[in-house]
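Please read the structure below before turning to the comments.
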Amino acid sequence: MHENEKESNAQKQTRSTHPLIRTSQVSLSSNPDADFRYTTIFTPIGLYKGQLYAIKKVRKKCVDISREMKKELKLLRDARHDNICAFIGACTDPPNICIITEYCTRGSLKDILENEDVKLDNMFIASMVADIIRGVIYLHESPIRFHGSLCTSNLLVDSRWVVKLSDFGLFAFKKGIEDNSTDGGTMAAKCTKLLYRAPELLRQGPASLVLGTQKGDSYSFGIVLYEIHTRHGPYGETGLTPMQCLQKVLQVQDNLYPYRPSLQPLETSFDCVREILNECWAERPDDRPDFKTIRAKLRPLRKGMKPNIFDNMMAMMEKYANNLEALVDERTDQLQEEKKKTDALLLEMLPRPVAEQLKKGHKVDPESYEQVSIYFSDIVGFTSMSAESTPLQVVDFLNDLYTCFDSIIGHYDVYKVETIGDAYMVVSGLPIRNGDLHAAEIASMSLHLLGAVSEFKIRHRPYNKLLLRIGIHTGPVCAGVVGLKMPRYCLFGDTVNTASRMESSGVPLKIHCSRQCKELLEKLGGYHYQERGMVIMKGKGEQRTYWLLGEDEEAKQRRTYERSQRRGSRALNKYIQGTIKQQQQTNHLAVANDLGIRSSLKNKNVPRNSLTRSSSLESPKKLRFATGSLLEHHRYHSDEALLEVVTDSYTGLRRSSGASCHSRYEESTLSCQSCEDLTNLQRQRRPSSYPTANTPLLLNHKET
1 MHENEKESNA
11 QKQTRSTHPL
21 IRTSQVSLSS
31 NPDADFRYTT
41 IFTPIGLYKG
51 QLYAIKKVRK
61 KCVDISREMK
71 KELKLLRDAR
81 HDNICAFIGA
91 CTDPPNICII
101 TEYCTRGSLK
111 DILENEDVKL
121 DNMFIASMVA
131 DIIRGVIYLH
141 ESPIRFHGSL
151 CTSNLLVDSR
161 WVVKLSDFGL
171 FAFKKGIEDN
181 STDGGTMAAK
191 CTKLLYRAPE
201 LLRQGPASLV
211 LGTQKGDSYS
221 FGIVLYEIHT
231 RHGPYGETGL
241 TPMQCLQKVL
251 QVQDNLYPYR
261 PSLQPLETSF
271 DCVREILNEC
281 WAERPDDRPD
291 FKTIRAKLRP
301 LRKGMKPNIF
311 DNMMAMMEKY
321 ANNLEALVDE
331 RTDQLQEEKK
341 KTDALLLEML
351 PRPVAEQLKK
361 GHKVDPESYE
371 QVSIYFSDIV
381 GFTSMSAEST
391 PLQVVDFLND
401 LYTCFDSIIG
411 HYDVYKVETI
421 GDAYMVVSGL
431 PIRNGDLHAA
441 EIASMSLHLL
451 GAVSEFKIRH
461 RPYNKLLLRI
471 GIHTGPVCAG
481 VVGLKMPRYC
491 LFGDTVNTAS
501 RMESSGVPLK
511 IHCSRQCKEL
521 LEKLGGYHYQ
531 ERGMVIMKGK
541 GEQRTYWLLG
551 EDEEAKQRRT
561 YERSQRRGSR
571 ALNKYIQGTI
581 KQQQQTNHLA
591 VANDLGIRSS
601 LKNKNVPRNS
611 LTRSSSLESP
621 KKLRFATGSL
631 LEHHRYHSDE
641 ALLEVVTDSY
651 TGLRRSSGAS
661 CHSRYEESTL
671 SCQSCEDLTN
681 LQRQRRPSSY
691 PTANTPLLLN
701 HKET
């Protein structure tokens with residue numbers, strides 16, 4: 001049996017023992033066996049022997065393994081360099097014909113250049129360019145001889161920002177690949193990739209049939225170097241399509257400079273960069289420099305960089321971390337702004353207490369209210385007006401009217417339940433109870449709305465008078481959130497029906513008031529009303545009702561003042577609660593920082609000593625001593641003992657005050673210099689807040 005056949009059998013046996021697991025192209029968060037640091041997956045990947053590898057699908061129906069192909073596979077397997085993407089193997093079993101290579105977590109250089117959030121300074125650019133040059137020089141000096149398809153999408157970046165060359169060699173393996181560039185998107189991507197190819201290679205025929213050259217790699221490197229500096233594609237912002245750019249590149253005109261990217265965007269770059277670009281873009285291949293010459297001429301790019309590779313890498317990672325930290329802060333601020341907008345929108349749809357419960361994921365149970373006041377109104381003649389108007393005019397009319405209404409009800413302690421067509425429903429006394437004031441709030445609001453309607457102008461019918469009909473009623477209701485999709489806060493009970501009947505049995509430009517509401521308003525005082533008499537209501541029989549006529553000016557001013565006082569008190573309570581919550585979070589972060597717990601980037605400015613650490617004697621804890629001999633297996637060689645304060649397992653014990661701690665220490669027989677110093681410090685500084693009962697505290701203690 002030949003050596004290659006033995007190797008093939010060994011590979012098959014290994015593959016059967018450790019199968020290559022194809023995982024998600026988007027995320028691996030659902031795979032518990034995959035340990036990786038980045039959530040963005042730029043290519044199909046697989047898990048093999050506990051490591052991630054990239055999978056490149058090859059569109060071929062079958063693969064005939066020839067001697068030439070075996071040589072290519074061996075060359076790629078033996079190619080090992082820091083700037084070469086390692087070749088792992090290939091699958092030749094249809095329909096899963098693919099190439100397995102090393103996986104680079106940051107994707108391709110093209111992905112990085114197109115990501116505006118990634119800031120590339122001169123040091124990053126110089127390091128990436130140096131990596132590319134080293135990788136190409138290795139290929140040119142190896143039996144592979146050239147890359148042939150050098151472009152930003154074939155330059156991969158690993159987690160340490162090292163650029164690695166990929167997609168080279170294997171010409172026999174890739175021969176006969178099916179072309180699926182029939183749709184516009186695939187054709188444009190193919191033309192974009194051809195822009196990196198040297199003109200003489202483009203004129204020879206399709207890229208799959210023409211092998212590359214070392215001088216062709218020099219031309220491709222010039223396009224890559226240009227794209228790294230401009231970050232606007234291989235030819236910059238030209239306004240031309242990739243196909244049009246290709247046609248201009250292929251044109252050969254005597255005494256005319258061939259079509260190349262404009263160097264105008266690089267006026268502020270190094271002179272050596274512009275000089276190398278002109279040399280790499282030469283029309284004659286012999287006029288282009290080799291990569292050792294390119295490396296020598298681009299040496300000024302590395303000015304200021306440290307000679308130690310590790311130092312450069314650490315500096316790059318530090319800059320990237322700083323940029324990432326600023327980016328996270330910016331994204332967090334944007335998230336907070338979007339959260340505020342979402343909360344504001346939610347509070348427009350649901351009452352604040354109900355919205356807060358839903359945000360916490362709690363169930364909102366239905367609640368009964370002994371007495372609330374409900375307002376109903378509609379527009380007399382709305383149906384006929386809608387029939388004579390266009391839909392857009394009706395929408396504009398209702399929007400103008402309800403915008404006016406919404407601005408008015410914001411001055412009162414009421415909640416807008418819903419609007420259905422021309423019907424407008426408002427309630428007071430829920431979800432926050434306000435005693436008997438709900439009747440006064442609804443009555444004053446109704447009078448205010450009626451006064452505003454008299455001055456309201458219909459946009460498409462300015463001479464028509466708006467006829468608003470209002471009905472108010474007081475009684476018990478049950479309220480709750482109904483539905484999962486688009487949840488609504490709804491009211492249920494006979495009171496809702498009665499209020500609706502009060503509105504439908506009223507007359508335009510008058511406020512129809514029920515007997516229950518009138519009695520409560522009479523108790524509050526300050527309102528004028530007139531008895532209407534007995535009115536027959538559907539489902540209610542005869543009911544004695546009243547017209548609400550007006551409100552005393554003195555009582556109106558008094559209620560306005562009291563209303564503002566209540567709102568100010570609520571705002572103050574809300575501010576105090578928010579301040580207390582923020583202080584608790586700050587104290588928690590301070591304790592976490594004192595214990596060495598890493599906090600989030602947004603809290604990096606919280607002072608580490610903002611919370612005073614209290615004495616260990618303030619809460620019931622156990623003291624445990626360990627001598628140096630007991631710590632020997634932990635590689636601690638010290639004659640000192642370690643005083644470790646261990647939190648009691650029962651966390652429900654109440655923390656004692658500072659004075660009781662001091663008295664307890666004085667009454668105890670404990671003799672310890674560290675504890676005495678700590679207690680003396682406690683006498684001088686009485687902390688206003690303490691760590692939690694679960695906060696461990698370590699003190700170095702010398703045996704006395």
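704 is the number that the UniProt record's numbering gives the last residue of the sequence shown; the numbers go up by one with no jumps. Using N, Cα and C, we set each Cβ at its ideal position, and we do this for glycine too.
(message) When you compare the CB positions of Leu509 and His528, do they come within less than 8 angstroms of one another, or not?
(response) Not a contact, by the Cβ cut-off of 8 angstroms.
(request) Quick one: residues in its chain with C-beta nearer than 7 angstroms to the C-beta of Phe405, no 5 flanking neighbours on either side, listed in chain order? (result) Answer for Phe405: Tyr424, Leu449, listed in chain order.
(message) Quick test of the definition: if touching needs 3 or more C-beta pairs under 8 angstroms, does the region 75-87 touch the region 155-164?
(response) Counting Cβ pairs under 8 angstroms, three or more are found: they touch.
(request) Kindly provide the ranges of any beta strand (DSSP E) runs that are 3 or more residues long and lie completely inside the region 130-166, ordered along the chain. (result) Those beta strand (DSSP E) runs which fall completely within the region 130-166 and span 3+ residues are 155-157, 163-165.
(request) Might you give, ordered along the chain, the residues of its own chain that have their beta carbon closer than 7 angstroms to the beta carbon of Gln51, omitting 5 neighbours on each side? (result) No residues qualify anywhere along the chain.
(request) Check whether the Cβ atoms of Ile374 and Val427 sit closer than 8 angstroms, and answer yes or no. (result) In this structure, Ile374 lies near Val427, with their beta-carbon atoms less than 8 angstroms apart.
(request) Might you give, ordered along the chain, the residues of its own chain that have their beta carbon closer than 7 angstroms to the beta carbon of Cys191, omitting 5 neighbours on each side? (result) Apart from the 5 residues on each side of it in sequence, Cys191 sits with its Cβ closer than 7 angstroms to the Cβ of Pro242, Met243, Leu246 in its chain, given in chain order.
(request) From the DSSP output, in three-state form, read off Ile177 for me. (result) Coil, per DSSP.
(message) Tell me the residue span of the alpha helix (DSSP H) that contains Met502.
(response) Run containing Met502: 494-504, per the alpha helix (DSSP H) assignment.
(message) Helix, strand or coil for His512? Go by DSSP, reduced to three states.
(response) Of the three classes helix, strand and coil, the one that applies to His512 here is strand, per DSSP.
(message) Please return the same chain residues whose Cβ sits closer than 6 angstroms to the Cβ of Tyr138, not counting the five positions on each side in sequence.
(response) In its chain, beyond the 5 residues on either side, His81 have a beta carbon closer than 6 angstroms to the beta carbon of Tyr138.
(request) Rounded to whole angstroms, what's the CA-CA distance from Thr293 to Asn122? Just pull it up for me. (result) Thr293 and Asn122: Cα-Cα distance of roughly 21 angstroms.
(request) Report the residue from Pro261, Asp436, Leu298 whose alpha carbon sits nearest the alpha carbon of Trp281. (result) Comparing Cα positions, the closest option is Pro261.
(request) Can you have a look at Asp117 and say buried or exposed, based on whether 16 or more other CB atoms are within 10 angstroms of its CB? (result) Exposed is the call here.
(message) How far does the beta strand (DSSP E) with Ile100 in it extend, from its first residue to its last?
(response) Looking at the DSSP string, the run of the beta strand (DSSP E) that includes Ile100 is 98-102.
(request) Specify the secondary structure class of Tyr412 as computed by DSSP and reduced to three states. (result) Here Tyr412 sits in coil by DSSP.
(message) Checking 8 angstroms against the spacing of the C-beta atoms, do Asn323 and Lys119 come in under that value?
(response) Cβ atoms of Asn323 and Lys119: closer than 8 angstroms.
(request) Inspect the CB distances between the region 493-512 and the region 358-376 and report whether three or more fall short of 8 angstroms. (result) These segments touch.
(request) Spatial neighbours of Leu263 within its chain, please: CB distance less than 7 angstroms, with the 5 preceding and 5 following residues excluded, ordered by chain position. (result) Here Leu263 has Arg274, Leu277 as same chain residues with Cβ atoms under 7 angstroms from its own Cβ, once five neighbours each way along the sequence are excluded.
(message) Let me check understanding here. Comparing Cα to Cα, which of Pro431, Asp413, Ser500, Leu401 lies closest to Ser454?
(response) Of the candidates Pro431, Asp413, Ser500, Leu401, the residue whose Cα lies closest to the Cα of Ser454 is Leu401.
(request) Run the CB neighbour count on Cys62, radius 10 Å, all protein chains shown included, and call it buried at 16 or more, exposed below. (result) Exposed, because fewer than 16 other Cβ atoms sit within 10 Å of the Cβ of Cys62.
(request) Answer with buried or exposed for Ala321, where buried requires no fewer than 16 other C-beta atoms within 10 angstroms of its C-beta. (result) Ala321 is exposed by the Cβ-count criterion.
(request) Within the same chain, show all residues whose beta-carbon is closer than 6 angstroms to that of Val380, passing over the 5 residues directly before and after it, in chain order. (result) Hits under 6 angstroms: Leu467, Arg469, Pro508.
(message) If you measure between the beta carbons of Val136 and Asp217, is that distance less than 8 angstroms?
(response) Yes.
(request) Could you say which of Gln214, Thr186, Lys416 lies nearest to Phe168 if we only look at CA atoms? (result) Measuring C-alpha to C-alpha distances from Phe168 to each of Gln214, Thr186, Lys416 identifies Gln214 as the nearest.
(request) Could you check which residue in Lys485, Arg77, Ser564, Glu367 has the C-alpha nearest to that of Cys142? (result) The displayed chain sequence assigns Ser, not Cys, to residue 142. The shortest C-alpha to C-alpha distance from Ser142 to any of Lys485, Arg77, Ser564, Glu367 is the one to Arg77.
(request) Give the DSSP-derived three-state secondary structure of residue 706 in the structure shown. (result) No statement about residue 706 is possible, as the shown extent of the chain runs from 1 to 704 and does not include it.
(request) With distances taken Cα to Cα, identify the nearest neighbour of Gly568 among Glu367, Asp413, Pro487. (result) The residue with the shortest Cα to Cα distance from Gly568 is Asp413.
(request) Give me the Cα-Cα distance between Lys485 and Glu325, rounded to the nearest whole angstrom. (result) Cα-Cα distance, rounded: 38 angstroms.
(request) Kindly identify the DSSP beta-bridge partner or partners of Thr419. (result) In the DSSP output, where bridge partners are listed per residue, Thr419 has Tyr424.
(request) Run the CB neighbour count on Pro94, radius 10 Å, all protein chains shown included, and call it buried at 16 or more, exposed below. (result) With fewer than 16 Cβ atoms within 10 Å of its Cβ, Pro94 is classed as exposed.
(message) Does Ala479 pass the burial test, meaning 16 or more other C-beta atoms within 10 Å, or should it be called exposed?
(response) When all chains shown are included, Ala479 counts as buried.
(request) Enumerate in chain order the residues of its own chain whose CB-to-CB distance from Lys540 is below 8 angstroms, with the five nearest sequence positions on each side excluded. (result) Contacts found: Thr498, Arg501.
(request) Just mark Met349 as buried or exposed, buried being the case when its beta carbon has 16 or more other beta carbons within 10 Å. (result) Exposed is the call here.
(request) Would you kindly check if the distance between the Cβ of Ala439 and the Cβ of Thr383 is under 8 angstroms? (result) For the pair Thr383 and Ala439, the CB atoms are not nearer than the 8 angstroms cut-off.
(message) If I measure Cβ to Cβ from Thr579 and keep anything under 6 angstroms in the same chain, skipping five residues before and after, which residues do I get?
(response) Contacts found: none.
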